[in-house]
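Visitor: With UniProt numbering applied, the sequence shown corresponds to residues 1 to 667, in that order.
By construction, the Cβ of each residue, glycine as well, lies at the ideal position given by its N, Cα and C atoms.
My questions will all concern the structure given below.
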Amino acid sequence: IGKEKFHKSQHWGYCNNVAMLVGEDKPGIGGELLPGQKLKPKYSVFPGGMGSDAPAWVAFDKQVLAFDAYFEEEVPDKNQEVYRIRHCKIYFYLEDDTIQVTEPQLKNSGIHQGTIVRRHRIPLPPPHEDEFYTIDNFNINIEIILYARRYKIIDCDQFTKNFLRKMGIRLNPPAVRPDDPYTKERQKMLDSMNPLRPYERIDTLKQFLEHDGHVLRFFCVWDDPESMFHDPRELVLHYYLSDDTIDIKEIIPVNSGRDAVPLFLRRDKLPKHAPTGLYQPGTITSRTVLNVFGKLVGNRGRYLLDNRKTGAVHQEYYRDSDLKIGTVINVWGRKIILCDCDEFTKEYYRTKYGIEDFTPVPYKAPPPPSKPEKIFPPYTGFGSEEDSLCSCMGLLLKPPQKDFKKFMEKDRSGMESNILRFVAKLITDSPIDKDRKFIISYFLSDDTISIFEHTQQNTGILGGKFLERGRIKKPGQELFKSEPSEYFKAQNLFVGARVCFHGHNFLLVDADEYTFNYMEKHANEFPMADIGFILKKLKDIAEPRSREIRQVFAATDPEHTKVIEYDPFRNLIVSITDGAFSEHEIMTLGRYYGVREEYELDLHFLLAVAQEQLKKNSFENFEQLTAVLIYNDREKCGVLPHETCRTICKSFKLPLADEDLQALLTM
């Protein structure tokens, strides 16, 4: 009675001084569990507030974990087998934690197969039968018990592996799939059995299934001796690998005067030697039979298959081994030369027969001489050169086509202006014009240039727009000519360049930060900003004067701070190169070796940011990425160069920003 009262007291409590029934999960005094009380685990290992707010039946709809498993079943009262190995599939539905077990059906197994356990939530084995299986109970190479039957999980699909890794589960290596001993024994018996009667089996289904849709194509020519003009006739021969048949189609030129027929030769097996006369139907057969008793017994004959094919008519047909470039085949008395073949045919003969020589046989007449090059009249001076050239292209006048793709790629987009701006001065002896400053803007979208003059007070010169935006021709070209004129490109503009725009000579003395960054980022287009090319060029010049350079550095840095100002550095480069370096190349060197503000990043913070980005973008190609990294580590030292790792990560389209990936690889 005391135990019963104590047990009942677990389910009663007081709320607002009123005794009422409470749940079984309410602990005792001090939060300690009462005797015999268990707290049921939550469905998720993550606390509330993490992840999406969508319910499980929405977030995990149509998402199923699939495991490969097997179980052993005892076979009593049978000598041939003591136990069976039965392979099955275990499906775990993420939306409601239900489990289904199915067994694939095998031919002539003699046992009921299909669904072993229908889909529902399955409780854990005793003594935890009040709890149910969750995702935490599954892994590879483990055993689980479903209703007293022990299942061994050996592997799972790729989606299941990726999902379990995201859940923080460390996967075990896959297990070996055992074979059923009785099934193997029966297969040996079936393989060793021979047919009881001498029956010649002709199986063409295998050839059809392996080569259905595979056709060898040869380009042929037939020199018809009976034609009036003895012109060669072009043919296309198709050899069908599925049944060793051939059909031929003729290529009829335009206005040839010949009737168009569907096929030159209908699809059928082609005999090598055309007989003098056609065989009667039934003469050539695949099998030969013998009448054993004739018509002595009841006016009926008894027939037996003749394996020796006595009296059979044998005829050889063309096979794929008989066809190759340069071969002459006999098509019912017509000599046809195989001159060429397509790429599939070449790969087939290269793989099967090891043939490498596919030199085509010339059979076409040489092409007529090409049309003379079209010569355009010289530019007249009216309108633009491109517009005047379009009037010579056809009777219907069309405006000149612009490079729309380049415009879309290089047009302003967000913070990317795609405009190179330079500061310029006039090259002149006039004291008034020497101090004038200009802003030259080069638009990468259409290769146009505009010039604005910087307004200066008390100079008497009105600033503002100096040159309207447009393309500018290079000086020194003839005006009235047939060839198109050359215009200034982005590669012609750099710090230190001297350019002539419509008779005004400019010296580019500086550029903005965006221009320097753009040219260094696209160093393959701008050699003046290519640090690799500059260093190689400097090495060839400065190597003989290395001692002098060290002395200058030591004199400029007496306190040994290993840092010098830009002006002494520029003067040194100018003196040792004797003017071989432009101002832009010297500035690129200075920017490359310039002192930057050093900052430190927390490695754990960087890893957390990277993992968050990988999870948000559902990146799952970790196994392929690891395999490529291991493959590139030829020396097996566990270390790869910085650029190699960056190239491999970029090839996998790793969803990380460039600066984050750079910082991670650097650390």
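Measure how close the beta-carbons of Ser482 and Leu467 come, nearest whole angstrom, since I'm counting them as under 8 Å.
Guide: Contact doesn't hold; Cβ gap of about 28 Å is too wide.
Visitor: Taking only three categories from DSSP, how would you classify Gln113?
Guide: Gln113: coil per DSSP, three-state reduction.
Visitor: Just checking, does the region 489-500 make contact with the region 541-551 on the three C-beta pairs under 8 Å criterion?
Guide: At 8 Å Cβ cutoff, the stretches do not touch.
Visitor: With a threshold of 7 Å on Cβ separation, who are the neighbours of Ser391 within its own chain once the five nearest residues in sequence on each side are excluded?
Guide: Only Leu397 meet the Cβ criterion.
Visitor: Count the other CB atoms within 10 Å of the CB of Thr115; is the residue buried (16 or more) or exposed (fewer)?
Guide: Classification for Thr115: exposed.
Visitor: Using beta-carbon positions only, say whether Ile337 and Val331 come within less than 8 Å of one another.
Guide: Their beta carbons are not under 8 Å apart, which means Ile337 does not touch Val331 by this criterion.
Visitor: Is the Cβ-Cβ distance between Ser582 and Met528 less than 8 Å?
Guide: Closer than 8 Å, so yes.
Visitor: Report all residues from its chain with a CB closer than 7 Å to the CB of Pro400; omit the five preceding and five following residues, and keep chain order.
Guide: Glu386, Asp387 and Cys390, listed in sequence order.
Visitor: Flag this pair as touching only if the region 92-99 and the region 60-69 have three or more C-beta atom pairs under 8 Å; answer yes or no.
Guide: Judged by Cβ distances under 8 Å, the region 92-99 makes contact with the region 60-69, as three or more pairs qualify.
Visitor: If we ignore side chains and look at the alpha-carbon of each, how far apart do Val361 and Leu241 end up?
Guide: Answer to the nearest angstrom: the Cα atoms are 24 Å apart.
Visitor: If you follow the beta strand (DSSP E) that Gly31 is part of, which residue opens it and which one closes it?
Guide: Run containing Gly31: none; DSSP gives neither H nor E here.
Visitor: Is Tyr514 helix, strand or coil when you go by DSSP?
Guide: Correct three-state label for Tyr514: helix.
Visitor: Write down the C-beta distance between Ser445 and Phe407 rounded to the nearest angstrom, noting that I regard them as a contact closer than 8 Å.
Guide: Going by Cβ atoms, the distance from Ser445 to Phe407 rounds to 5 Å, so yes, they are a contact pair.
Visitor: Give the DSSP bridge partners of Trp222, in chain order.
Guide: DSSP lists Arg233 and Ile336 as partners of Trp222.
Visitor: Are the region 349-368 and the region 456-473 touching, with three or more C-beta to C-beta distances below 8 Å?
Guide: With the cut-off at 8 Å, the region 349-368 and the region 456-473 do not touch.
Visitor: For Phe138 versus Ile122, is the C-beta spacing smaller than 8 Å?
Guide: No, the Cβ-Cβ distance between Phe138 and Ile122 is not below 8 Å.
Visitor: Using the Cβ count rule (16 or more neighbours within 10 Å means buried), how would you classify Ala580?
Guide: Classification of Ala580: exposed, given that the 10 Å Cβ count is below 16.
Visitor: Determine, using beta carbons only, whether Phe358 and Cys339 come nearer to each other than 8 Å.
Guide: It is not a contact, given that the beta carbons lie outside the stated cut-off.
Visitor: Assuming Gly464 contacts Phe452 (C-beta within less than 8 Å), just tell me the rounded distance between them.
Guide: Going by Cβ atoms, the distance from Gly464 to Phe452 rounds to 7 Å, so yes, they are a contact pair.
Visitor: Could you check what DSSP says for residue 669 in three-state terms: helix, strand or coil?
Guide: Nothing can be reported for residue 669: it is not among the residues displayed for the chain, which extend from 1 to 667.
Visitor: With a threshold of 7 Å on Cβ separation, who are the neighbours of Lys346 within its own chain once the five nearest residues in sequence on each side are excluded?
Guide: Only Phe358 meet the Cβ criterion.
Visitor: Could you tell me the alpha carbon to alpha carbon distance between His552 and Gln477, rounded to whole angstroms?
Guide: The question names His, but residue 552 is Val in the sequence shown. Cα to Cα, the separation comes out at about 46 Å.
Visitor: Quick one: is His584 buried, meaning 16 or more other Cβ sit within 10 Å of its Cβ, or exposed?
Guide: Burial call: buried.
Visitor: On the CB-based measure, 16 or more other CB atoms within 10 Å of its CB, does Asp212 come out buried or exposed?
Guide: Asp212 should be labelled exposed.
Visitor: Alpha carbon to alpha carbon, how far is Ile288 from Asp231?
Guide: A small correction: the amino acid at residue 288 is Thr; Ile does not occupy that position in the sequence shown. For Thr288 and Asp231, the distance between alpha carbons rounds to 46 Å.
Visitor: Is the distance from the Cβ of Tyr182 to the Cβ of Gln105 below 8 Å?
Guide: Going by C-beta atoms, Tyr182 is not nearer than 8 Å to Gln105.
Visitor: What are the partner residues of Ala554, as DSSP defines its beta bridges?
Guide: Answer by DSSP bridge pairing: none, since Ala554 is not bridged.
Visitor: Between the alpha carbons of Ser430 and Glu513, how many angstroms are there, rounded?
Guide: Between Ser430 and Glu513, the C-alpha separation is close to 31 Å.
Visitor: Are the CB atoms of Pro178 and Ile85 within a distance shorter than 8 Å?
Guide: Result yes, Cβ atoms of Ile85 and Pro178 sit closer than 8 Å.
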